[in-house]
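A.B. asks:
Numbering (this note's numbering), first residue to last: 1183 to 1296.
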């Protein structure tokens, strides 16, 4: 299903919104398993949408927010994992939050305990 890595409630608590997502493919998938961005304009044609093939060692980095409004979700980067048709897919991701995530979440937990 098409989704965003931006979590609205995180904009006001903890480390803030996920501003960047890094996805790294850990293996090459025989068929399928692509990451699809249906709303990104393709710079090489007049079409909309790009699809990234999962290849071992390939990394994809994208922003989840607007540069000029870092608390606002950028819907152009909504994406989806397409089904694996043949083989298996291994990937890992990391999210970069606007503020230090662990420290700010620890502070929020302490405030709730009081």
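Think of the CB as a built atom: it goes at the ideal place given N, C-alpha and C, for glycine as much as any other residue.
Please report the distance separating the alpha-carbon of residue 1284 from that of residue 1256.
C.D. replies: Their backbone Cα atoms lie some 24 Å apart in a straight line.
A.B. asks: Based on the DSSP secondary-structure assignment, which residues constitute the bridge partners of residue 1219?
C.D. replies: 1232, per the DSSP bridge assignment.
A.B. asks: Is the number of C-beta pairs between the segment 1267 to 1281 and the segment 1201 to 1218 that are closer than 8 Å three or more?
C.D. replies: Yes, since at least three Cβ pairs between the segment 1267 to 1281 and the segment 1201 to 1218 fall closer than 8 Å, the two stretches touch.
A.B. asks: Please report how far the alpha carbon of residue 1247 lies from the alpha carbon of residue 1221, in whole angstroms.
C.D. replies: Whole-angstrom Cα-Cα distance: 14 Å.
A.B. asks: Is it buried or exposed for residue 1226, if we count other Cβ within 10 angstroms and need 16 for buried?
C.D. replies: Counting Cβ neighbours within 10 Å, residue 1226 comes out exposed, since fewer than 16 surround it.
A.B. asks: Please classify residue 1191 as buried or exposed, where buried requires at least 16 other C-beta atoms within 10 Å of its C-beta.
C.D. replies: Residue 1191 should be labelled exposed.
A.B. asks: DSSP beta-bridge partners for residue 1203?
C.D. replies: Residue 1203 pairs with 1244, 1277.
A.B. asks: Specify the secondary structure class of residue 1284 as computed by DSSP and reduced to three states.
C.D. replies: Looking at residue 1284 - three-state DSSP - the assignment turns out to be helix.
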